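Read the structure below first, then the notes.
Chains as they are written, first to last, in this note's numbering: chain A, 15 to 156; chain R, 6 to 215.
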C-alpha cells in the first residue's frame, strides 16, 4: 500500500468538510424568505464611475512587466536562483494586478476573501502531498 | 445578497454587488485554482527530480511566440474589463464591440497555441538542425508540458464559447445595464484564465532548463 494513502484519505475528508462548509455558507447567504426592505441606494453611489485611465495604466504596467520578464533570463542566465526568484516575483506581481484591478478584488466583500483563503489553504495543504506522492513514485524520496 | 421576491426585475443593483452567481463563480475559481496548482506542482517536482529536464533531442519551448501570445491574452483581458465598464454605463453596443474584441483575442490565442503544438508534435528544428517530434509520451518534460498547456487551453476554449454566447445574447438585446453582473461573472472567469497563464508562462517557458 502506498504509504501516503491514509494521509490522502484524511486530506479528502478535510476537503469534503471544507466543501460542505462552503455549501452551508451559500445556503445562509441566499435569500429564501421575506426580510426587511433593503435601504435605498443613493443615486451617487449607484451611478457607475468609469476607470478607463486606471485600466489603461494597469495594461501598460502588465506590458512593461512582460518585457522585463523576457529580459531577465538574459541578464541572470548564470544566477539560476536569482533568475527564478525574479521571474516568480514578476509573475505574481502581474497576477496581483490582474486580480486586484481587473477582477475587482480590492472592492470585494469578505465572503470572497474567505473563499479565496479557503482555496489558498487547500493549495498549501495539497502541494506537500503531491510533492511527497510523486517523489515516492519516482524514487526521489526513500 | 440575493434577490427578494418583492424586488422589481428591472431594478439595477449597485455595480459590483455580490450576487449568488458571482459568489458561485468565485467558489468555482477557487476549486479550479487547486487543479492548476496540482499540475504545476507535478511539473516542478518532476523537473527538480530530473538530471536533464529537456533532452538534447527536443527543442526548448518557443519563448518569443508564446510571449506574443501572452500579450494577446493580456489585451483580451483589457477588452473584457472595458466590456464590463460599458454595460455598467448602459452602453450595450460598446459592450458588444468589446466582447467581440475579447472573443477575437481568445481565438487568436488558441490559434497560436495550435500552431505551437503542431510544430512540436510534428517536429521542430533543434540547434543541430534535426527534426524531432515531441509527443506526450516522449518523457516527463513533454508529458507535463502538454498537460499544463492543454489544461489551460481547454479553459480558454470554454471561455471563448462562454464569451461567444454572451456576445450573441448582447447582440440580440438580452443584456441590459441591469444584467451587468452577468458580464462581471464572465469577466471573472476570463481574467482568471489570463492570471493562470501568466504563472504558467513563467514556470514552463521562461525558467530555462538547468
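Heads up, the beta-carbon is just placed ideally off N, CA and C, and yes, glycines get one too.
Model, not experiment: these values are computed from the prediction.
Nearest-angstrom beta carbon gap, residue j and residue i [assumed within contact, 8 Å]
| i | j | result |
| --- | --- | --- |
| residue 32 of chain R | residue 116 of chain A | The pair is not a contact, with the Cβ atoms about 19 Å apart (cut-off 8 Å). |
| residue 55 of chain R | residue 145 of chain R | 6 Å |
| residue 208 of chain R | residue 48 of chain R | 7 Å |
| residue 104 of chain R | residue 172 of chain R | 4 Å |
| residue 86 of chain A | residue 97 of chain A | 6 Å |
| residue 107 of chain R | residue 81 of chain R | 5 Å |
Partners in chain A for residue i, counting only beta-carbon separations shorter than 7 Å
| i | result |
| --- | --- |
| residue 200 of chain R | 109, 112 and 113 |
| residue 103 of chain R | Ordered by position in chain A, no residue passes the 7 Å Cβ test against residue 103 of chain R, which lies about 11 Å from the chain. |
| residue 86 of chain R | 69 and 116 |
| residue 93 of chain R | 62 |
| residue 114 of chain R | Correct list: empty, because the minimum Cβ distance to chain A is about 14 Å. |
| residue 21 of chain R | 118 and 121 |
| residue 35 of chain R | 129, 130, 132 and 133 |
| residue 193 of chain R | 117 |
Contact check, residue i vs residue j, beta carbons under 8 Å
| i | j | result |
| --- | --- | --- |
| residue 75 of chain R | residue 195 of chain R | no |
| residue 137 of chain A | residue 53 of chain R | no |
| residue 111 of chain R | residue 170 of chain R | no |
| residue 182 of chain R | residue 95 of chain R | yes |
| residue 83 of chain A | residue 126 of chain R | no |
| residue 35 of chain R | residue 130 of chain A | yes |
| residue 21 of chain R | residue 101 of chain R | no |
| residue 44 of chain R | residue 152 of chain R | yes |
| residue 109 of chain R | residue 77 of chain A | no |
| residue 205 of chain R | residue 157 of chain R | yes |
| residue 120 of chain R | residue 160 of chain R | no |
| residue 51 of chain R | residue 144 of chain A | no |
| residue 168 of chain R | residue 193 of chain R | no |
| residue 4 of chain R | residue 138 of chain R | A question about residue 4 of chain R goes unanswered here, because the residues of chain R that appear run from 6 up to 215. |
| residue 73 of chain A | residue 83 of chain R | yes |
| residue 23 of chain R | residue 125 of chain A | yes |
| residue 164 of chain A | residue 75 of chain A | Because chain A here runs from 15 to 156, residue 164 of chain A falls outside it and cannot be looked at. |
| residue 102 of chain A | residue 42 of chain R | no |
| residue 59 of chain R | residue 65 of chain R | yes |
| residue 127 of chain A | residue 93 of chain R | no |
| residue 180 of chain R | residue 97 of chain R | yes |
Under 8 Å by beta carbon: chain A residues contacting residue i
| i | result |
| --- | --- |
| residue 99 of chain R | Correct list: empty, because the minimum Cβ distance to chain A is about 11 Å. |
| residue 39 of chain R | 133, 136, 137 and 140 |
| residue 207 of chain R | 83, 101, 102, 104 and 105 |
| residue 75 of chain R | 80 |
| residue 90 of chain R | 62, 64, 65, 66 and 69 |
| residue 203 of chain R | 105, 108, 109 and 112 |
| residue 196 of chain R | 112, 113, 116 and 117 |
| residue 150 of chain R | Within 8 Å Cβ-Cβ: nothing; residue 150 of chain R doesn't reach chain A, min ~16 Å. |
| residue 26 of chain R | Simply none; closest approach about 11 Å. |
| residue 111 of chain R | Residues of chain A passing the Cβ test: none, with the nearest at roughly 15 Å. |
| residue 128 of chain R | Under the 8 Å cutoff, chain A gives no residues; its nearest Cβ is about 25 Å from residue 128 of chain R. |
Partners in chain R for residue i, counting only beta-carbon separations shorter than 8 Å
| i | result |
| --- | --- |
| residue 67 of chain A | The premise fails here: residue 67 of chain A is roughly 12 Å from chain R at the closest Cβ pair, so nothing lies under 8 Å. |
| residue 73 of chain A | 79, 80 and 83 |
Short CB-CB distance (under 8 Å) between residue i and chain D
| i | result |
| --- | --- |
| residue 96 of chain A | Absent from the structure is chain D; the protein chains it does hold are A and R. |
Residues that residue i contacts on chain A, provided the C-beta gap is smaller than 9 Å
| i | result |
| --- | --- |
| residue 212 of chain R | 87, 94, 97, 98, 101 and 102 |
| residue 144 of chain R | None at all; the shortest Cβ gap to chain A is about 12 Å. |
| residue 175 of chain R | Within 9 Å Cβ-Cβ: nothing; residue 175 of chain R doesn't reach chain A, min ~17 Å. |
Could you list the residues in the stretch 157-169 of chain R with a C-beta less than 9 Å from some C-beta on chain A, going in chain order? none
Touching or not, the stretch 106-116 of chain A and the stretch 106-120 of chain R, by the rule of three or more beta carbon pairs under 8 Å? no
Taking any Cβ of chain R, which residues in the stretch 134-149 of chain A have a Cβ under 7 Å from it, in chain order? 136, 137, 140, 141, 144, 145, 148 and 149
What are the residues in the stretch 118-132 of chain A lying within 8 Å of chain R by C-beta distance? 118, 121, 122, 123, 125, 126, 129, 130 and 132
The stretch 40-54 of chain R: positions lying closer than 7 Å to chain A by Cβ: 42, 43, 46, 47, 50, 51 and 54
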